[in-house]
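If you're matching them up, the sequences are chains A and B in order. 1 is the number of the first residue of the first sequence in this note's numbering; add one for each residue after it. 1 is the number of the first residue of the second sequence in this note's numbering; add one for each residue after it. Notes follow once the structure below has been shown.
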Amino acid sequence: MSSVADKEVVVRTVDVVKQYGEGEAAVRALNGVTCEIFNGEYLSIMGPSGSGKSTLFNMIGGLDKPNEGSVFVNSVDIAQLTAKELAFLRCHTIGYIFQTFNLITVRTALENVTLPMLFAGLTPDEAEERGMKLLTTVGLGHRFHHRPSELSGGQQQRVAIARSLANNPSIILADEPTGNLDLKTGQEIIDLLRSLNQERGVTIISATHDHKMLDVSDRIFHIRDGVLALVETRDELDRSKATASGS
Amino acid sequence: MNQTQFKNLDPPLRVAWGQALASIRVRFLRMLITSLGVALGIAFFCSMQTLRLAPQKDSTQSPEQMQWLIGTSLVMCLVGVTNSMLMSVTERYREIGTIKCLGASDTFIVKVFFFEAILLGFIGSLSGAIIGTALMAITMLVLGNPPIFVSTLQVVVLGTSVGIVMTVLAAIAPAVQAARMPAAAALRMDI
Ligand SMILES: Nc1ncnc2c1ncn2[C@@H]1O[C@H](COP(=O)(O)OP(=O)(O)OP(=O)(O)O)[C@@H](O)[C@H]1O
Ligand SMILES: [Mg+2]
Chain A
1 MSSVADKEVV
11 VRTVDVVKQY
21 GEGEAAVRAL
31 NGVTCEIFNG
41 EYLSIMGPSG
51 SGKSTLFNMI
61 GGLDKPNEGS
71 VFVNSVDIAQ
81 LTAKELAFLR
91 CHTIGYIFQT
101 FNLITVRTAL
111 ENVTLPMLFA
121 GLTPDEAEER
131 GMKLLTTVGL
141 GHRFHHRPSE
151 LSGGQQQRVA
161 IARSLANNPS
171 IILADEPTGN
181 LDLKTGQEII
191 DLLRSLNQER
201 GVTIISATHD
211 HKMLDVSDRI
221 FHIRDGVLAL
231 VETRDELDRS
241 KATASGS
Chain B
1 MNQTQFKNLD
11 PPLRVAWGQA
21 LASIRVRFLR
31 MLITSLGVAL
41 GIAFFCSMQT
51 LRLAPQKDST
61 QSPEQMQWLI
71 GTSLVMCLVG
81 VTNSMLMSVT
91 ERYREIGTIK
101 CLGASDTFIV
111 KVFFFEAILL
121 GFIGSLSGAI
131 IGTALMAITM
141 LVLGNPPIFV
151 STLQVVVLGT
161 SVGIVMTVLA
171 AIAPAVQAAR
181 MPAAAALRMD
191 I
């Protein structure tokens, strides 16, 4: 993960520009972002509110199209994909986690986790078995038949994490996953994401305001006004921490 | 590198059916009100049709008046059904966006709304057709102008079919539009 030689690029963006609105009222949420994200790393995207984190999240996740530039996921230019192929990419390659959990309210925890598997063509029995395993992994095996409205925020986010893992994605995209949680629950979610990252090797890309995230991140992208202002690596973080505590 | 291979598969129909059923079960009260809207419109339509098909002894209403009444009932029905179905789609943009993130194709989303509309349309239209026809038939019976039984059956069948077709059409148009929208836009919609 940390050695330079085995760094494999999973996501690459090239001069991505995203503009909302037209003419006078136009807002450039992203103004030429070029970056590489490596397989198996835990990447945090930090920046002030309105700096473009969620917009970048949408671009990388194929949830929206850039006005200029390209996004490559596993070397595939996602602008070239048809709607069906994009659906396939979302189903198999990327797992999504949101600040507001976004569980399907009319379905139980288990059904939320198995739905993406049914999209992937698993039989209901296979899906249920895998779904229970994933719910157990995130520590919610006993609440599988509850609907989201009957779960706490932290529990809902755990279901969302289990769901994001449904089809063994290579990437998990998270947009402020701890934003609606208290400190302790937020820390638990961060620890869970980190352990999934280390045990399964899944790449985690997480937009965040949460400074607890810094401790577990391999790299940090700092975004300001739609540009990638600074990239910090683990080594640099540790060094600055050491000098800070030493002084 | 794990090169992604793209296969074009959609899950079996029962997955969309299951989602539609879950949605109706959990939002039962909401769905009941929606189908009540359908039922009211169709009841009005069917009662007018029953009146039209009745053997006219003393023509109190001219054919023009009758046509106008039936036209009005159809428009009322259409507005009611379209409004209910439009709302039931637009209040669920977030859910649509989320399901897209899980890998649903656009057609899957349309299928879910299609099944929901068929179920709602069937229940609402059938009950509305029976109530509307029966009320008018009883009224006419009381007034000493009994309707023909076979033609009341025809009216019920006609009303139910018109109601189902209308409900499905009214749901499909906004569902297609919502399914085609980029997932990010659907997720942002909050009303
Ligand atoms: N759909 C949209 N329509 C218009 N403007 C938008 C839209 N989405 C984002 N913006 C604008 O783009 C800029 C970047 O927004 P974005 O949501 O990416 O910020 P963010 O870094 O995620 O902020 P936060 O930390 O508050 O979530 C903001 O100025 C915002 O107002
Ligand atoms: Mg944001």
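Note that the Cβ used here is the ideal one computed from N, Cα and C, for glycine as well. None of the values given here were measured: they were computed from a predicted structure.
May I have the straight-line CA-CA distance separating residue i from residue j, to the nearest angstrom?
| i | j | result |
| --- | --- | --- |
| W68 of chain B | F44 of chain B | 13 Å |
| V14 of chain A | V165 of chain B | 48 Å |
| A171 of chain B | S105 of chain B | 18 Å |
| L51 of chain B | V150 of chain B | 14 Å |
| V33 of chain A | V11 of chain A | 12 Å |
| L43 of chain A | F122 of chain B | 51 Å |
| S49 of chain A | C77 of chain B | 47 Å |
| I172 of chain A | I161 of chain A | 9 Å |
| I97 of chain A | G61 of chain A | 11 Å |
| S3 of chain A | D175 of chain A | Caution is warranted here: a pLDDT of 49 is assigned to S3 of chain A, below 50, making its placement in the model unreliable, and no coordinate value can be reported. |
| L135 of chain B | G139 of chain A | 58 Å |
| Q99 of chain A | K212 of chain A | 16 Å |
| R194 of chain A | G163 of chain B | 54 Å |
| G226 of chain A | L56 of chain A | 9 Å |
| S240 of chain A | M117 of chain A | 43 Å |
| P147 of chain B | E116 of chain B | 35 Å |
| V202 of chain A | N39 of chain A | 8 Å |
| G121 of chain A | P169 of chain A | 15 Å |
| M1 of chain B | D77 of chain A | Caution is warranted here: a pLDDT of 37 is assigned to M1 of chain B, below 50, making its placement in the model unreliable, and no coordinate value can be reported. |
| T208 of chain A | H222 of chain A | 10 Å |
For residue i, which beta-bridge partners are listed by DSSP?
| i | result |
| --- | --- |
| K259 of chain A | Nothing about residue 259 of chain A can be read from this structure; chain A reaches only from 1 to 247. |
| H222 of chain A | A:M46, A:L230 |
| G95 of chain A | A:I172 |
| V71 of chain A | A:T13 |
| V76 of chain A | A:V73 |
| V206 of chain A | For the record, residue 206 of chain A in the displayed sequence is Ser; it is not Val. Bridge partners of S206 of chain A: A:S44, A:A174. |
| C35 of chain A | A:T13 |
Which residues of chain A have a Cβ atom closer than 7 Å to the Cβ of residue i, listed in chain order?
| i | result |
| --- | --- |
| V15 of chain B | L118 |
| A104 of chain B | A87, F119 |
| P147 of chain B | What P147 of chain B touches in chain A: nothing, since even the nearest Cβ is about 43 Å away. |
Which residues of chain B have a Cβ atom closer than 7 Å to the Cβ of residue i, listed in chain order?
| i | result |
| --- | --- |
| Y96 of chain A | C101 |
| N58 of chain A | A184 |
| L115 of chain A | L102 |
For residue i, go through chain B and note every residue whose CB falls closer than 8 Å to its CB, in chain order.
| i | result |
| --- | --- |
| A109 of chain A | Simply none; closest approach about 13 Å. |
So residue i contacts chain B; which residues on that side make the cut at Cβ distance below 9 Å?
| i | result |
| --- | --- |
| D64 of chain A | P182, A183, A184, A185 |
| R90 of chain A | K100, C101, L102, G103, A104, A183 |
| F102 of chain A | First, the amino acid is wrong: residue 102 of chain A is Asn here, not Phe. Simply R94, E95, G97, T98, C101, L187. |
Determine the chain A residues that contact residue i at a beta-carbon separation under 9 Å, and present them in chain order.
| i | result |
| --- | --- |
| S127 of chain B | In chain order: nothing, as chain A lies at least about 24 Å away. |
| P55 of chain B | Here the premise fails: no neighbours, minimum Cβ distance about 49 Å. |
So which residues of chain A does residue i contact, with C-beta pairs closer than 8 Å?
| i | result |
| --- | --- |
| R27 of chain B | V106 |
| S23 of chain B | V106 |
Could you name the residues whose beta carbon sits closer than 5 Å to any heavy atom belonging to ligand 1, keeping them in chain order?
-> A:Y20, A:V27, A:A29, A:S49, A:G50, A:S51, A:G52, A:K53, A:S54, A:T55
Between the segment 78-101 of chain B and chain A, which residues of the former have a C-beta closer than 9 Å to a C-beta of the latter?
-> R94, E95, G97, T98, I99, K100, C101
Would you list, in chain order, the members of the segment 169-180 of chain B that have their beta-carbon closer than 7 Å to a beta-carbon of chain A?
-> none
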